[in-house]
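Student:
Protein chains: 2
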Amino acid sequence: MSVSIKDIARLAGVSHSTVSRALSDSPLIRAETKSRIRRLAREMCYSPDARARSLVMGRTQTVGVVVTTVADPWVAEVVQGIETTASAHSYTVILASSDDEPEHELAAVEMLRSMRVDSVIVTSSRIGALYGEYLGRSHVPVVLLNNHSEQGGAHSFSVRVDDRHGGCLATEHLITIGHRRIAHVGGPSAHLPSLERLAGYRLALAGAGIAFDPAVVWDGTGLPDAGERALNLLLAADPRPTAIFCYNDMTAVGLLRAAHDAGLALPGDLAVVGFDDIPFAALACPALTTVAQPKFAMGQQAMDMALTLMCRRPHECDGAGAPQVTGVTDNVVQGRLVVRESSGTRRR
Amino acid sequence: MSVSIKDIARLAGVSHSTVSRALSDSPLIRAETKSRIRRLAREMCYSPDARARSLVMGRTQTVGVVVTTVADPWVAEVVQGIETTASAHSYTVILASSDDEPEHELAAVEMLRSMRVDSVIVTSSRIGALYGEYLGRSHVPVVLLNNHSEQGGAHSFSVRVDDRHGGCLATEHLITIGHRRIAHVGGPSAHLPSLERLAGYRLALAGAGIAFDPAVVWDGTGLPDAGERALNLLLAADPRPTAIFCYNDMTAVGLLRAAHDAGLALPGDLAVVGFDDIPFAALACPALTTVAQPKFAMGQQAMDMALTLMCRRPHECDGAGAPQVTGVTDNVVQGRLVVRESSGTRRR
DNA sequence: TTGTAAGCGTTATCAT
DNA sequence: ATGATAACGCTTACAA
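Chains as they are written, first to last, in numbering that gives the first Met the number 0: chain A, 0 to 347; chain B, 0 to 347.
1) Any idea what DSSP makes of A/Ala107, helix, strand or coil?
2) Rounded to a whole number of angstroms, what is the C-alpha to C-alpha distance between A/Tyr246 and A/Arg196?
3) Any Cβ of chain A within less than 9 Å of the Cβ of B/Phe348?
4) According to DSSP, is A/Ile93 helix, strand or coil?
5) Closest Cβ-Cβ distance between B/Thr59 and chain A: below 9 Å?
6) Within 9 Å of any Cβ in chain A, is that where the Cβ of B/Gly253 sits?
7) Compute the Euclidean distance between the alpha carbons of B/Val158 and B/Glu109, then round it to the nearest angstrom.
8) Under 9 Å between C-beta atoms, does A/Gly185 make it to chain B?
9) With DSSP run on the structure shown, which of helix, strand or coil describes A/Val16?
10) In the segment 37–66 of chain A, which residues sit with their C-beta less than 8 Å from some C-beta in chain B, listed in chain order?
11) Between A/Met302 and chain B, is the shortest Cβ-Cβ distance under 9 Å, so that the two count as touching?
12) Is the CB of A/Gln299 under 9 Å away from at least one CB in chain B?
13) What residues in the segment 90–117 of chain B have a beta carbon less than 9 Å from any beta carbon of chain A?
14) Is there a C-beta anywhere in chain A that falls below 9 Å from the one on B/Leu232?
15) Within this structure, are the beta carbons of A/Tyr130 and A/Val121 separated by less than 9 Å?
16) First and last residue of the beta strand (DSSP E) that includes B/Phe156?
17) Using a Cβ cut-off of 7 Å, which residues of the segment 257–282 of chain A contact any Cβ in chain B, in chain order?
18) Check whether chain B comes within 9 Å of A/Ser123, counting only Cβ atoms and requiring the distance to be less than that.
19) Would you please state the rounded distance, in angstroms, between the beta carbons of B/Val66 and B/Val78? I believe it to be under 8 Å.
20) Under a three-way DSSP split, which group does A/Gln299 fall into?
21) Give me the subset of the segment 71–84 of chain B whose CB atoms are less than 9 Å from a CB atom of chain A, sorted by chain position.
22) Can you have a look at B/Gln292 and say buried or exposed, based on whether 16 or more other CB atoms are within 10 angstroms of its CB?
23) Since A/Leu191 and A/His164 should fall inside the 8 Å C-beta cutoff, what is the C-beta to C-beta distance between them, to a whole number of angstroms?
24) Can you confirm whether B/Cys310, when its beta carbon is compared against all beta carbons of chain A, has any partner nearer than 9 Å?
25) Using a Cβ-Cβ distance under 9 Å, would B/Pro223 count as near chain A?
26) Hey, is the segment 262–274 of chain A in contact with the segment 35–45 of chain A, meaning 3+ C-beta pairs nearer than 8 Å?
27) Using 8 Å as the Cβ pair cut-off and three pairs as the minimum, do the segment 298–312 of chain B and the segment 81–95 of chain B touch?
28) Taking only three categories from DSSP, how would you classify B/Gly318?
29) State buried or exposed for B/Thr275, treating a residue as buried only when at least 16 other CB atoms are found within 10 Å of its CB.
30) For the beta strand (DSSP E) that A/Arg335 lies in, which residues bound it at each end?
31) Going by beta carbon distance, what residues of the same chain come within less than 8 Å of B/Ile93, once the five residues before and after it are set aside?
32) For B/Ser137, decide whether its Cβ has a neighbour in chain A, counting only Cβ atoms nearer than 9 Å.
33) A/Ser25 to A/Ser16, Cα distance in whole Å?
34) In this structure, how does DSSP classify B/His259 when only helix, strand and coil are distinguished?
35) Under a Cβ-count criterion, where at least 16 other Cβ atoms within 10 Å of its own Cβ denotes burial, should B/Pro72 be classed as buried or exposed?
36) Using DSSP with H/G/I as helix, E/B as strand and the rest coil, what is B/Ala183?
Below, the structure written as structure tokens:
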């Protein structure tokens, strides 16, 4: 099939180990031989076989990353953070989708394990708690990024945004600018972040002495249609809320759209706050106030954690001595409130 | 390190080949032995080593997909089309980013080749013409999806949207609803699609007997900021255009945003048409009229083409007899005009 | 029905 | 400075 070091060896009249050494720039090989072999390799379009190499080296120099879907704008930025850090350490990222289905997620991880990735990062995991036992003994470090299931046990490494704090931040902002009747559209109610952001919302209300009213709190999906549906519920509520905190920006954008169609003047008739700060938030009309997650940085952190964990294992790592990670590590980062037009005063 | 068939063999008191056969459900193995081995494998958390297997089998059951960046919403849908088709044929997708840099693209393909992917799909390639020679002899089929460079030579396989026709469609629509002074913001001028969409624009103008005026045609980047900049140019133009056709939806969305800030009433003061139909197009205010690319289907087609090409190679394929592909195949699909609010009459 | 041995393309450990 | 040889984990003739 493909040209191998043996093919080169044959043509160069040397042994295949000489070729291997020449190509890895070993000082043992005579300069003349080396350059001759390298020229030959180039001419023959030689490409080293990463599988064979990894088999004997004991590592693949790859990280597996499980995402719900690449179509999610939150995912895209996180992946870029991971990829940037990975390639800076000469690691290759292998992406796998879970479609937000626990079964698919498991299949994806299993597939990555078969590929012998050196480490796995799972975003928005539905089965986070399983990994402690599951992969702990297979010695493949697993890092959770915004775990959506209950927190794992003993063997757990994760990076996540402080959802509760973020929910609090968003709601407090609405209270600060004068709102008292504040609605909330949640995300998928089984997911941890939905619960936490809701908890933050309640915390902020309580802090301001505003009674929690279940009548203006609805379940959602995290998708634009949930926002559209929520608007109808909101219009029917009595008294009608003057502000609404949405589980995420996708929901908020759907709501913005529906509010526009309903002829509401935003933010005058209704103030809206989202969560995530996806690229489109700034482009929406009105531009969306939101709690920004440091998505890129979170991806970086997760990858850094994976790198550290890999160093603890069989083969030593190359880089400078990374801090030793022991037992459980849960890296919690804070969201940042970004005030735009959808709350606050209208431009022009 | 990881548990291998030899480890299982040792514990089961059989040879490693018996284990191999048992796990691949060979009819040669006694049922009792088989189930005993399989149970053991499960208990030991055995995971087959895809690298070792692929080494002897001669194929990895993977496709490499090169994209500019996962952050591009067009990319996301295309990748999903590819992935769906791939996994239906039990292929795994390995994603690599090029950042729209020819050098990175080459590096990505080189990396995928080292991983011995069975086939490569390159989206928005900057160096499409190179692949004919480059990988033709390495026997790895390459499929181009919306090639951004000049068309490749003898050994070329591609799927692409008819950019010229799409540009024509968009412009004709604006003409049909009564516009005569129509501006255009292009994409990166070196890329083929920019040129083609512009050509379509000119074609439509010519068809309606409208003179082409370079004064209302500007270069862009394909990003929202290009749309924002274009609005200023548009406002300064004399006579001021009443409509504008944008290279893509990202550009159009940026322009929508700027127009909103400038206090323009859309589509009354300015009609806008984009290209791509990204998910956000329908959510924008006003909802964006655009030329929809069948992104998912294009991904499917590219993957189907890759599957067909792989069948022609060393190892026979599994599925039903796919049509034989010979020499050059260029699959051109037509975009579809989706009329929304940003052209045509205002809702309510 | 099972075991033995060869080989996939590397790197690494011995010799020479 | 270079060549044999073993090993990585697997599949697959070929033997038994």
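Glycine is no exception: its CB is placed at the ideal position from the N, C-alpha and C atoms.
Tutor: If we stick to the structure as given:
1) Taking the first sequence and counting its residues from 1, one reaches residue 107 of chain A at position 108. A/Ala107: helix per DSSP, three-state reduction.
2) Walking along the first sequence from the start, residue 246 of chain A turns up at place 247. Walking along the first sequence from the start, residue 196 of chain A turns up at place 197. Rounded to the nearest angstrom, the two C-alpha atoms are 7 Å apart.
3) Residue numbering for chain B in the displayed model covers 0 to 347; residue 348 of chain B lies beyond these limits and cannot be assessed.
4) Taking the first sequence and counting its residues from 1, the one referred to as residue 93 of chain A is at position 94. Here A/Ile93 sits in strand by DSSP.
5) Counting from one through the second sequence, the residue named residue 59 of chain B turns up at place 60. Yes - at least one Cβ of chain A is within 9 Å of the one on B/Thr59.
6) Counting from 1 along the second sequence, the entry for residue 253 of chain B is found at position 254. Taking Cβ atoms only, chain A reaches closer than 9 Å to B/Gly253, which makes this a yes.
7) Sequence index remark: in the second sequence, residue 158 of chain B carries index 159 (1-based). Sequence index remark: in the second sequence, residue 109 of chain B carries index 110 (1-based). In a straight line, the C-alpha of B/Val158 is about 22 Å away from that of B/Glu109.
8) For this step, residue 185 of chain A is matched to residue 186 along the first sequence. Output row for A/Gly185: interface = no.
9) What you label residue 16 of chain A is simply residue 17 of the first sequence in a count that begins at 1. The residue asked about is misnamed: residue 16 of chain A is Ser in this sequence, not Val. In the structure shown, A/Ser16 sits in a helix (DSSP, three-state: H, G or I).
10) Answer set for the segment 37–66 of chain A: Cys44, Ser46, Pro47, Asp48, Ala49, Arg50, Ala51, Ser53, Leu54, Gly57 and Thr59.
11) As a first step, residue 302 of chain A is located in the first sequence; it is residue number 303 there, counting from the start. Look at A/Met302: its C-beta is not under 9 Å from any C-beta on chain B.
12) The residue you call residue 299 of chain A lines up with position 300 of the first sequence. Not closer than 9 Å to any Cβ of chain B, the Cβ of A/Gln299 fails to qualify, so no.
13) So the list reads Thr91, Val92, Ile93, Leu94, Ala95, Ser96, Glu109, Met110, Arg112, Ser113, Met114 and Arg115, given in the order they occur along the chain.
14) On the second sequence, residue 232 of chain B is found 233 positions in, with the first residue counted as 1. When Cβ-Cβ separations below 9 Å define contact, B/Leu232 makes no contact with chain A.
15) The residue labelled residue 130 of chain A in the question sits at position 131 within the first sequence. The residue labelled residue 121 of chain A in the question sits at position 122 within the first sequence. Between A/Tyr130 and A/Val121, the gap from beta carbon to beta carbon is short of 9 Å.
16) On the second sequence, residue 156 of chain B is found 157 positions in, with the first residue counted as 1. Here the beta strand (DSSP E) through B/Phe156 covers Phe156 to Val160.
17) So the list reads His259, Asp260, Gly262, Phe279 and Leu282, given in the order they occur along the chain.
18) Taking the first sequence and counting its residues from 1, one reaches residue 123 of chain A at position 124. At a cut-off of 9 Å between C-beta atoms, A/Ser123 does not count as an interface residue with respect to chain B.
19) The residue given as residue 66 of chain B occupies position 67 in the second sequence. The residue given as residue 78 of chain B occupies position 79 in the second sequence. Between B/Val66 and B/Val78 a beta carbon distance of about 7 Å is seen, short of the 8 Å cut, so the two are scored as contacting.
20) Here the question's residue 299 of chain A lines up with position 300 in the first sequence. Helix.
21) Per Cβ criterion, the list reads Asp71, Pro72, Val74, Ala75, Glu76, Val78, Gln79 and Glu82.
22) Mapped onto the second sequence, residue 292 of chain B falls at position 293. Counting the other CB atoms within 10 Å of its CB gives B/Gln292 a total of 16 or more, which places it among the buried residues.
23) Working through the first sequence from its first residue, we reach residue 191 of chain A at position 192. Working through the first sequence from its first residue, we reach residue 164 of chain A at position 165. Contact doesn't hold; Cβ gap of about 14 Å is too wide.
24) Within the second sequence, numbered from 1, the residue matching residue 310 of chain B stands at position 311. With 9 Å as the cut-off, B/Cys310 does not count as an interface residue toward chain A.
25) Position 224 of the second sequence, counting from 1, holds the residue named residue 223 of chain B. Residue-level contact check: B/Pro223 touches chain A, since one or more beta carbons of chain A fall below 9 Å from its beta carbon.
26) As far as the Cβ criterion goes, the segment 262–274 of chain A does not touch the segment 35–45 of chain A, which means the pair count is below three.
27) Segments in contact, yes.
28) To locate residue 318 of chain B, count along the second sequence from 1; it is residue 319. Because B/Gly318 carries a pLDDT of 43, less than 50, the predicted location of this residue cannot be relied on, and the following value inherits that uncertainty. Correct three-state label for B/Gly318: coil.
29) Sequence index remark: in the second sequence, residue 275 of chain B carries index 276 (1-based). The sequence given here has Asp at residue 275 of chain B, not Thr. Answer is buried; the Cβ neighbour count reaches 16.
30) Residue mapping note: residue 335 of chain A aligns to position 336 of the first sequence, counting from 1. That run of the beta strand (DSSP E) goes Arg335 to Val337.
31) Looking up residue 93 of chain B in the second sequence gives position 94. Thr61, Val62, Gly63, Val64, Leu111, Met114 and Val116.
32) If you number the second sequence from 1, residue 137 of chain B lands on position 138. Nearest CB-CB separation between B/Ser137 and chain A: below the 9 Å threshold.
33) Locating residue 25 of chain A in the first sequence gives position 26, counting from the first residue. Locating residue 16 of chain A in the first sequence gives position 17, counting from the first residue. Those two C-alpha atoms are separated by around 11 Å.
34) Locating residue 259 of chain B in the second sequence gives position 260, counting from the first residue. Annotated three-state conformation of B/His259 is helix, per DSSP.
35) Position 73 of the second sequence holds residue 72 of chain B. The residue in question, B/Pro72, is buried, as its Cβ has 16 or more Cβ neighbours within 10 Å.
36) Here the question's residue 183 of chain B lines up with position 184 in the second sequence. This sequence places His at residue 183 of chain B; Ala is not what is there. In this structure, B/His183 counts as strand in the three-state DSSP scheme.
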